[in-house]
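Peer 1: What follows is a structure written as structure tokens; I'll ask about it next.
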Amino acid sequence: MSWRNSFLAALVLGSAANAFGQAQNLLPGAIQPGTVQIGLQPIASGLTAPVYAIAAPKDPNDLFVVDQAGKIDLIHNGVMQSTPFLDVSSLQNAIPLHAGYDERGLLGLAFNPGFNDPTSTGYRTLYTYQSEATGTKTADFGPAPGTLTGPIDHQNVLVQWKVSASNPNVVDPASRRDLLREDHPALNHNGGTIAFGPDGKLYLAIGDGGTANDSGNGHIVSTGNAQSLSVVMGKMLRIDVNGNNSANGQYGIPADNPFVATPGAVPEIYAYGFRNPYKFSFDGPTGKLVEGDVGQNQVEEVNLVTKGGNFGWGIKEGTFLFNRTGPNAGTDNPFNSPGSPAGLIDPVLEYDHNAGIAVVGGFVYHGSLLPQIEGKYVFGDFSNSTFAGPGNGRLFYADLGTGQINEFEMQAPLGMWLKGFGQDANGEIDVLASTNLGPTGSTGMVFEITPEPGSMGMIAAASALPLLMRRKPRHLP
């Protein structure tokens, strides 16, 4: 990777301190060696940059894999289908992604809770979150007036689709309906996950607008975007896909959203104070909303998101006070400040950049293969090395109650950049990774976490796989 791409990657992920200098040891011992041994069973290969995988409601046979490069692939009964479930990569308004590194692209997928219920209005209905060319259509949201010092980089779009009436394995491209569109000032901090909560509402997380320090083009100088309720950047949004009382009439704003009666606030906001909420998920049995918020130079964090909560960025990074402006801009106060200032909610998990460079949120485990981690949160880090070398993602399990993070025991390191996680209908968790830092090539793979330490996995196995794996995970019917 060239120095230019290395610098871009460090800049946009906000990990310059880790990439070009020693990170402070703010949280020694935050991650401990675990006792749970796992293997990684390859499920699919030949992908570009897989970032997310989920099953549709009441569908035990299919896994849908989101590829950042613009495709959703369908693994049916353990077999990757030759035709993508959805392909938006060739749309006229598609963003040409930077091969070296990019945070734009096709990022999110959510199925309507009534997707497999013929009596539901959400039958065969799904949603994607994707980046498109700026100016494609008029945006519903954007930077605060007077904050732009440069151009808008792209638009983030929430789209509704219907499955083809003649082929249940593909989406009907003519069914597209845009729900909301955001003008985003930088290529990074787009968030990426969309998911339906147990309340039947759709949740969408958007990052603070990009660059660093929640400042620069398109950022509010006085407060930053994440702390201002007047913009959607740095927020968790919550909408009703069956309603129509939004400003554009394409969706509903729930009456119990926390800021619907706050003057000047965006009524779609559910929670705020996030930097880059790249991955979040709901824990089915408890309904908890667990979010991994990518840090800047020092601290990575995982939050339990609550209605109306302020999660601190850019006043704090994790439990540490953060210098957003001034001569020490971009640095943390080395003295821990849990619970202060008042009104900010601290993370339930955190670690510093001696242990990784960017948190990748996952899922609470409720499968059957690893009963010893039932109820534990499975997540990881993009890589434990700098951006200058090969990726080597880390895989963790944690107790959200005690805050203890443990690393899975494996016979060999992952040896790939960790791009995301997936969860199938049986509650088993998949690891999505690639040997390429950016969205390019065909080294992207999907692995299932298994209890066998000797299962194939890691980089050595990747080169031995055919272009598309056709190996049925043993727990599938």
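Residues in the sequence shown are numbered from 572 upward in steps of one, following the working numbering. We put the CB at the ideal spot given by N, CA and C, even for glycine.
#1: Spell out whether any CB of chain C is found under 9 Å from the CB atom of Met804.
#2: Measuring straight from C-alpha to C-alpha, what distance separates Val876 and Ile824?
#3: Should Ser852 and Gly972 be called a contact, given that it needs their Cβ atoms to be closer than 9 Å?
#4: When the Cα atoms are used, what is the spatial distance from Gly541 to Pro905?
#5: State the CB to CB distance for the pair Pro684 and Gly814, rounded to an integer number of angstroms; the pair is presumed to be in contact (CB under 8 Å).
#6: For Ile791, which of helix, strand or coil comes out of DSSP?
#7: Is the Cβ-Cβ distance between Pro621 and Gln603 less than 9 Å?
#8: Indicate the three-state DSSP secondary structure (helix, strand or coil) for Ile944 in the structure shown.
#9: Would you tell me roughly how many angstroms separate the C-alpha atoms of Arg965 and Asp743, rounded to the nearest one?
#10: Can you tell me whether His924 is helix, strand or coil according to DSSP?
#11: Going by alpha carbons, who is nearest to Asp785 out of Ile609, Asn761 and Gly768?
#12: Rounded to a whole number of angstroms, what is the C-alpha to C-alpha distance between Leu985 and Gly820?
#13: Might you give, ordered along the chain, the residues of its own chain that have their beta carbon closer than 6 Å to the beta carbon of Thr705, omitting 5 neighbours on each side?
#14: Using 10 angstroms around the beta-carbon of Gln943, count the other beta-carbons present and answer buried if the total reaches 16, otherwise exposed.
#15: Whole-angstrom Cβ separation of His924 and Gln869, contact assumed at under 8 Å?
#16: May I have a chain-ordered list of the beta strand (DSSP E) segments no shorter than 3 residues that lie completely inside the stretch 793-829?
#17: Can you find the residues in the same chain that come closer than 8 Å, C-beta to C-beta, to Val741, ignoring five residues on each side of it along the sequence?
#18: Please determine, among Gln994, Ala996, Met987 and Asn874, the residue with the shortest C-alpha to C-alpha distance to Asp970.
#19: Would Leu920 pass as a contact of Ile1020 if the rule is Cβ separation under 9 Å?
#20: Assuming contact is defined by CB atoms lying nearer than 9 Å, are Val636 and Gly951 in contact in what I supplied?
#21: Identify, in the order they occur along the chain, each residue of the same chain with its Cβ nearer than 8 Å to the Cβ of Phe891, setting aside the five sequence neighbours on each side.
#22: Would you check if the stretch 880-889 and the stretch 604-614 touch, i.e. whether three or more CB-CB distances between them fall below 8 Å?
#23: Where does Ser911 land, buried or exposed, given buried means 16+ other C-beta within 10 angstroms?
#24: From Thr643 to Pro898, what does the alpha carbon distance come to, in whole angstroms?
#25: Do the stretch 843-857 and the stretch 747-755 make contact, defined as three or more Cβ pairs closer than 8 Å?
#26: Using alpha carbons as the reference points, say which of Ala670, Ser737, Leu662 and Glu839 lies closest to Gln701.
#27: For Phe682, which residues in the same chain have their Cβ closer than 7 Å to its Cβ, ignoring the five residues on either side in sequence?
#28: Just how far apart, CA to CA, sit Ala757 and Gly721?
#29: Identify whether Met1016 lies in helix, strand or coil by the three-state DSSP scheme.
#30: Could you pull out every residue in the same chain whose Cβ sits closer than 7 Å to the Cβ of Asp630, ignoring the five residues on either side in sequence?
#31: Who are the near neighbours of Ser660 in its chain, counting only those whose CB is closer than 8 Å to its CB and skipping five residues on each side?
#32: Measure from the alpha carbon of Trp732 to the alpha carbon of each residue in Arg675, Gly693 and Leu634, then state which is nearest.
#33: Measure the C-alpha to C-alpha separation of Thr1011 and Ala959 and round it to an integer number of angstroms.
#34: Where does Gly592 land, buried or exposed, given buried means 16+ other C-beta within 10 angstroms?
#35: Use the C-beta contact count for Gly946: other C-beta atoms within 10 angstroms, 16 or more gives buried, fewer gives exposed.
#36: Give the C-beta separation of Gly1009 and Tyr672 to the nearest angstrom, bearing in mind that I take them to be a contact with Cβ-Cβ under 8 Å.
Peer 2: Taking the geometry as given:
#1: Structure shown: chain C not included; a single protein chain is present.
#2: 19 Å
#3: no
#4: Lying before the first or after the last residue shown, residue 541 is absent from the chain, which here runs from 572 to 1048.
#5: Under the criterion of beta carbons closer than 8 Å, Pro684 and Gly814 do not qualify as touching, at roughly 15 Å.
#6: coil
#7: Not a contact, by the Cβ cut-off of 9 Å.
#8: helix
#9: 38 Å
#10: Here His924 sits in coil by DSSP.
#11: Asn761
#12: So the alpha carbons of these two residues sit roughly 46 Å apart.
#13: Ile723, His725 and Gln726
#14: It is exposed - the Cβ of Gln943 has fewer than 16 other Cβ atoms within 10 Å.
#15: 6 Å
#16: 806-810
#17: Thr654, Pro655, Phe656, Leu657, Val734 and Ser735
#18: Asn874
#19: no
#20: no
#21: Leu597, Gln869, Val870, Asp903, Asn904, Pro905, Phe906, Asn907 and Ser908
#22: no
#23: exposed
#24: Here residue 643 is Ile; the residue named in the question, Thr, does not match the sequence. Straight-line Cα distance between these residues: approximately 45 Å.
#25: no
#26: Leu662
#27: Ala627, Pro628 and Leu697
#28: Distance from the CA of Ala757 to the CA of Gly721, rounded to the nearest whole angstrom, comes to 10 Å.
#29: strand
#30: Asn687 and Ala996
#31: Listed in chain order, the non-local C-beta contacts of Ser660 below 8 Å within the same chain comprise Ala640, Gly641, Lys642 and Leu677, local neighbours out to five positions each way being set aside.
#32: Gly693
#33: About 17 Å.
#34: At Gly592, the pLDDT of 47 sits below 50, so the modelled position is not reliable and the matter cannot be decided from this model.
#35: Counting Cβ neighbours within 10 Å, Gly946 comes out exposed, since fewer than 16 surround it.
#36: Confirmed, Cβ separation roughly 4 Å.
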